[in-house]
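Here's what the structure looks like:
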């Protein structure tokens with residue numbers, strides 16, 4: 004199975020990009036890393052082993068267009084499966100192999116994996132309770148086989164104001180696509196979060212600079228605000 008891992012990146016520090024790539028490079032099997040620069044390409048990525056470096060203009064849509072472009076390139080080049088990995092996150096060394104084995108054993112068209120949640124300073128909060136393959140699956144937690152590639156159009160061709168919840172729109176596309184799904188309860192994805200909801204998930208009070216994505220009264224679309232702004236607007240813990 005030829006697997007493409009699609010990573011959109013923007014202005015992340017080089018050591019963050021390198022960690023992301025090195026964890027992809029450590030995967031077993033035939034794995035190629037598609038790194039898609041969203042307007043600000045890092046020239047050194049051109050020389051990294053096992054990378055297809057794609058450079059596109061900045062789209063300011065939270066990486067949705069780069070993911071869609073990367074997925075289209077992987078599909079056109081005959082890859083059998085696609086994973087997504089945000090450039091500030093990383094896989095465990097057995098991630099792709101675990102997902103591939105599930106496909107071989109079950110015939111699943113889409114495999115989802117559990118994820119560990121980390122704070123920006125590297126502290127592990129725990130295993131995510133939301134991204135469970137039933138209620139939701141995070142972008143970083145998928146392996147899609149070719150029959151499920153049509154779901155990738157959800158990254159594209161939408162109102163850009165929906166991009167802030169693009170992961171939810173992609174999950175919707177996977178669900179409505181009717182694909183056979185299997186979830187791996189082994190947390191092989193490591194996700195760096197600044198979301199207030201993840202602190203609360205593990206019984207902690209979110210820091211003021213953590214983020215919230217919500218639809219404010221009278222607004223049609225979701226937007227991002229800080230937890231400090233939320234409290235100033237009258238919000239309370241446990242939202």
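In our numbering, the protein residues as written are 4 to 242.
C-beta atoms are modelled at their ideal positions from N, C-alpha and C, and glycine is treated no differently.
Quick one: grab the DSSP three-state call for residue i.
| i | result |
| --- | --- |
| residue 3 | Residue coverage of the chain in this structure runs from 4 to 242, which leaves residue 3 outside it and unanswerable. |
| residue 138 | coil |
| residue 179 | helix |
| residue 41 | strand |
| residue 58 | strand |
| residue 226 | strand |
| residue 146 | strand |
| residue 49 | helix |
Quick one: is residue i buried, meaning 16 or more other Cβ sit within 10 Å of its Cβ, or exposed?
| i | result |
| --- | --- |
| residue 16 | exposed |
| residue 208 | exposed |
| residue 116 | buried |
| residue 148 | buried |
Assuming residue i contacts residue j under a Cβ cut-off of 8 Å, what Cβ separation, rounded to an integer in Å, is found between them?
| i | j | result |
| --- | --- | --- |
| residue 37 | residue 76 | 6 Å |
What's the C-alpha gap between residue i and residue j?
| i | j | result |
| --- | --- | --- |
| residue 23 | residue 100 | 17 Å |
| residue 96 | residue 31 | 8 Å |
| residue 60 | residue 43 | 8 Å |
| residue 52 | residue 85 | 19 Å |
| residue 66 | residue 109 | 31 Å |
| residue 211 | residue 160 | 34 Å |
| residue 214 | residue 197 | 6 Å |
| residue 218 | residue 134 | 21 Å |
| residue 79 | residue 33 | 17 Å |
| residue 83 | residue 166 | 27 Å |
Is residue i close to chain D? Criterion is C-beta to C-beta, closer than 9 Å.
| i | result |
| --- | --- |
| residue 82 | Judged by its chain identifiers, the structure shown contains no chain D, having just a single protein chain. |
Would you call the stretch 156-167 and the stretch 64-83 touching, i.e. three or more CB-CB distances under 8 Å? yes
Quick test of the definition: if touching needs 3 or more C-beta pairs under 8 Å, does the stretch 170-189 touch the stretch 135-152? yes
Taking one C-beta from the stretch 105-114 and one from the stretch 43-55 each time, how about it: are there three or more such pairs within less than 8 Å? no
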